[in-house]
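Asks:
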Ligand code: ATP
Ligand code: MG
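Shown next as structure tokens:
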């Protein structure tokens, strides 16, 4: 029954020149999201509104699900489009629409007509009153309430007539691509995919880096990260995933540094390498899934020790969340089931029994001097042998 969708988006902060950047990015993301959906769609902008029009048959639920993954969309209004064939025909179309959407539901309504085409022979006020009358005559279960209607029926008279009344919530946020790019440290865990989702929601495009430690971590563990990147990409758009072979660096740290400092030193090298790729690809920050106190490497002291090697800002969107709050988002965005698949992580393999929880940065720096002989070369090799996978 619906042929088109009106896309509602938040307009705060998108005045002036930013407005068309925002709208263009939003249209681009909508087209991207609709690509895998069967059917032909036309996305267009008209007088500061964005419309998605179907040019073939389509599956309604699939389209809504795709649009609900596009950041920047606040609401999705399924519309009926009708040619202007006189008022009687319009009233018929409206009643037909109401019957299909609401049936015999007891409800109040208000007609909200807008006449963009000024040549239409009735004013907006007249359309409101006349249509209201026709509706009341056809539906004993409906009554008018102009102050607090259950249903606001929008009727827009343009070259065509648009009829809509439902607003399906979108994900909010800002269109990806309107706020630069950042590099996500993506592990196979629960937290980092959520972190990536949250930053992408603010309009930031993301790339990702995964530290792989074969043969200690399996191909299956790597595939799980690719799968997670794929799930995040439904929201963020395509992700360039850099898979770094981290084994030799980890083994070297294991060999040369105190075991209780392994995790923290390893994390410092992860950050350094992630920052290398971030700079190379024009990213403006790093993203991790850390939350204060969750594990030994996420105490305030540990976070400071990892931050100390970065020259870029490190964004940690789940920093103040409890595990359950992160899990709730992971479930909502459908990454949870993949995240809990039991595959080994490179951090857990080399983890010490009693890791330092309050690392002293000077001591850590001193321990790292034990790596002087070979670390630069190992980092260089890790960078050179990195595999980049395009995930969409
Ligand atoms: P997650 O659930 O995201 O794996 P976690 O609670 O297991 O997080 P850690 O293993 O300490 O916590 O990792 C903290 C953060 O460091 C992760 O959220 C991620 O951003 C990054 N990270 C950890 N391991 C890797 C890895 N192998 N590759 C890339 N990033 C990683
Ligand atoms: Mg982890």
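In full-length UniProt numbering, the protein residues as written are 1 to 392.
Glycine included, C-beta positions come from ideal geometry on N, C-alpha and C.
Predicted model, so just to flag it, every value in this text is computed and none were measured.
(1) DSSP on residue 141, reduced to helix/strand/coil?
(2) Taking the runs of the beta strand (DSSP E) that are 3 residues or longer, which of them lie wholly in the stretch 121 to 208?
(3) Rounded to whole angstroms, how far is the Cβ of residue 287 from the Cβ of residue 183, which I believe are closer than 8 Å?
(4) Return the chain-ordered list of same chain residues with a C-beta closer than 8 Å to the C-beta of residue 345, the five sequence neighbours on each side being excluded.
(5) Among 366, 122 and 106, which residue has its Cα nearest to the Cα of residue 261?
(6) So for residue 340, helix, strand or coil by DSSP?
(7) Please tell me whether, using a cut-off of 7 Å, the distance from the CB of residue 320 to the nearest non-hydrogen atom of the ligand ATP is below it.
(8) Does the distance from the C-beta atom of residue 235 to that of residue 71 stay below 8 Å?
(9) Pairs of beta-carbons, one from the stretch 354 to 364 and one from the stretch 197 to 211, closer than 8 Å: are there three or more?
(10) Quick one: what does DSSP say residue 79 is sitting in, helix, strand or coil?
(11) Count the CB pairs spanning the stretch 79 to 91 and the stretch 161 to 170 that are closer than 8 Å, and state whether there are at least three.
(12) To which residues does DSSP link residue 110 through a beta bridge?
(13) Say the cut is 7 Å; is the CB of residue 356 nearer than that to a heavy atom of the ligand ATP?
(14) Count the other C-beta atoms from every protein chain shown that fall within 10 angstroms of the C-beta of residue 325, then say buried if there are 16 or more, exposed otherwise.
(15) If we ignore side chains and look at the alpha-carbon of each, how far apart do residue 55 and residue 3 end up?
(16) Between residue 195 and the ligand ATP, is the CB less than 7 Å from at least one heavy atom?
(17) Report, in whole angstroms, the separation of the C-beta atoms of residue 212 and residue 244, which I expect to be a contact under 8 Å.
(18) Look at the alpha carbon of residue 372 and the alpha carbon of residue 257, and state the distance between them as a whole number of angstroms.
(19) Would you kindly report the start and end of the unbroken alpha helix (DSSP H) that includes residue 242?
(20) Tell me residue 51's beta-bridge partners as DSSP assigns them.
(21) Taking buried to mean at least 16 other C-beta atoms within 10 Å of its own C-beta, is residue 29 buried or exposed?
(22) Restricting to Cα atoms, I'd like to know which of 34, 173, 191 and 77 is closest to residue 328.
(23) Can you check DSSP and say which residues form a bridge with residue 216?
(24) Compute the distance between the beta-carbons of residue 141 and residue 105, then report whether it is under 8 Å.
(25) So, helix, strand or coil for residue 363, using DSSP?
(26) Any heavy atom of the ligand ATP closer than 7 Å to the CB of residue 345?
(27) Would you please state the rounded distance, in angstroms, between the beta carbons of residue 61 and residue 108? I believe it to be under 8 Å.
(28) Apart from the five residues on each side of it in sequence, which residues of its chain come closer than 7 Å, Cβ to Cβ, to residue 69?
(29) Return yes when at least one heavy atom of the ligand GDP lies under 7 Å from the C-beta of residue 298, else no.
(30) To the nearest angstrom, how far is it from the Cα of residue 113 to the Cα of residue 53?
(31) For the alpha helix (DSSP H) holding residue 306, just list the boundary residues, first then last.
(32) Assuming residue 66 contacts residue 94 under a Cβ cut-off of 8 Å, what Cβ separation, rounded to an integer in Å, is found between them?
(33) Got a sec: does the ligand ATP put a non-hydrogen atom nearer than 7 Å to the Cβ of residue 407?
(34) Starting from residue 273 and walking both ways along the beta strand (DSSP E), at which residues does that stretch end?
(35) Say the cut is 7 Å; is the CB of residue 294 nearer than that to a heavy atom of the ligand ATP?
Replies: From the atom records:
(1) Here residue 141 refers to the residue found at position 141 when the chain shown is read from its first residue. Residue state, collapsed to three classes: coil.
(2) 142 to 144, 151 to 157, 161 to 164 and 181 to 185
(3) Within the chain shown, numbered from 1, the residue matching residue 287 stands at position 287. Within the chain shown, numbered from 1, the residue matching residue 183 stands at position 183. Confirmed, about 7 Å.
(4) For the purposes of this step, residue 345 is taken as residue 345 along the chain shown, with counting starting at 1. So the qualifying residues of the chain are 187, 188, 189, 217 and 221.
(5) In the chain shown, counting from the first residue as 1, residue 261 sits at position 261. The residue with the shortest Cα to Cα distance from residue 261 is 366.
(6) Numbered from its first residue, the chain shown carries residue 340 at position 340. In the structure shown, residue 340 sits in coil (DSSP, three-state: anything other than H, G, I, E or B).
(7) Sequence index remark: in the chain shown, residue 320 carries index 320 (1-based). No, since every heavy atom of the ligand ATP falls outside the 7 Å radius drawn around the Cβ of residue 320.
(8) The residue you call residue 235 lines up with position 235 of the chain shown. The residue you call residue 71 lines up with position 71 of the chain shown. Taking 8 Å as the Cβ cut-off, residue 235 and residue 71 qualify as a contacting pair.
(9) no
(10) Counting from one through the chain shown, the residue named residue 79 turns up at place 79. If DSSP states are grouped into helix, strand and coil, residue 79 belongs with the strands.
(11) yes
(12) Here residue 110 is taken as the residue at index 110 of the chain shown, counted from 1. BP columns for residue 110 point to 152.
(13) Walking along the chain shown from the start, residue 356 turns up at place 356. No, the Cβ of residue 356 stays beyond 7 Å of every heavy atom of the ligand ATP.
(14) Residue mapping note: residue 325 aligns to position 325 of the chain shown, counting from 1. Classification for residue 325: exposed.
(15) On the chain shown, position 55 is the one that residue 55 refers to. On the chain shown, position 3 is the one that residue 3 refers to. If you take the alpha carbons of residue 55 and residue 3, they lie about 8 Å apart.
(16) Here the question's residue 195 lines up with position 195 in the chain shown. Answer for residue 195: yes, Cβ within range of the ligand ATP.
(17) Here the question's residue 212 lines up with position 212 in the chain shown. Here the question's residue 244 lines up with position 244 in the chain shown. Right, the Cβ-Cβ distance comes to about 7 Å (below 8 Å), so this counts as a contact.
(18) Against the chain shown, residue 372 aligns to sequence position 372. Against the chain shown, residue 257 aligns to sequence position 257. Near 11 Å, if we compare the C-alpha coordinates of residue 257 and residue 372.
(19) The residue given as residue 242 occupies position 242 in the chain shown. No alpha helix (DSSP H) contains residue 242, which is instead part of the beta strand (DSSP E) from 239 to 245.
(20) What you label residue 51 is simply residue 51 of the chain shown in a count that begins at 1. Answer is 6 and 44.
(21) As a working note, residue 29 is residue 29 in the chain shown. Label assigned to residue 29: buried.
(22) Reading the chain shown from its first residue, position 328 is the one you call residue 328. Here the closest residue by C-alpha is 191.
(23) To locate residue 216, count along the chain shown from 1; it is residue 216. Per DSSP, none; premise fails for residue 216.
(24) Here residue 141 is taken as the residue at index 141 of the chain shown, counted from 1. Here residue 105 is taken as the residue at index 105 of the chain shown, counted from 1. Yes.
(25) Sequence index remark: in the chain shown, residue 363 carries index 363 (1-based). Residue state, collapsed to three classes: helix.
(26) Within the chain shown, the letter at position 345 stands for residue 345. Yes.
(27) To locate residue 61, count along the chain shown from 1; it is residue 61. To locate residue 108, count along the chain shown from 1; it is residue 108. Contact doesn't hold; Cβ gap of about 28 Å is too wide.
(28) Indexing the chain shown from 1 puts residue 69 at position 69. Closer than 7 Å at Cβ, skipping near neighbours: 33, 171, 234 and 235.
(29) Of the ligands one can find in the structure shown, namely the ligand ATP and the ligand MG, none is the ligand GDP.
(30) Counting from 1 along the chain shown, the entry for residue 113 is found at position 113. Counting from 1 along the chain shown, the entry for residue 53 is found at position 53. Going by the C-alpha atoms only, they are around 21 Å apart.
(31) In the chain shown, the residue the question calls residue 306 occupies position 306. Segment 300 to 307, the alpha helix (DSSP H) holding residue 306.
(32) Taking the chain shown and counting its residues from 1, the one referred to as residue 66 is at position 66. Taking the chain shown and counting its residues from 1, the one referred to as residue 94 is at position 94. At roughly 28 Å, the Cβ-Cβ gap does not stay under 8 Å, so residue 66 and residue 94 are not in contact.
(33) Nothing in the structure corresponds to residue 407, since the chain is present only between 1 and 392.
(34) Along the chain shown, one-based indexing puts residue 273 at 273. Residue 273 -> not in any beta strand (DSSP E); alpha helix (DSSP H) instead, spanning 262 to 280.
(35) The residue you call residue 294 lines up with position 294 of the chain shown. Residue 294: yes, Cβ under 7 Å from the ligand ATP.
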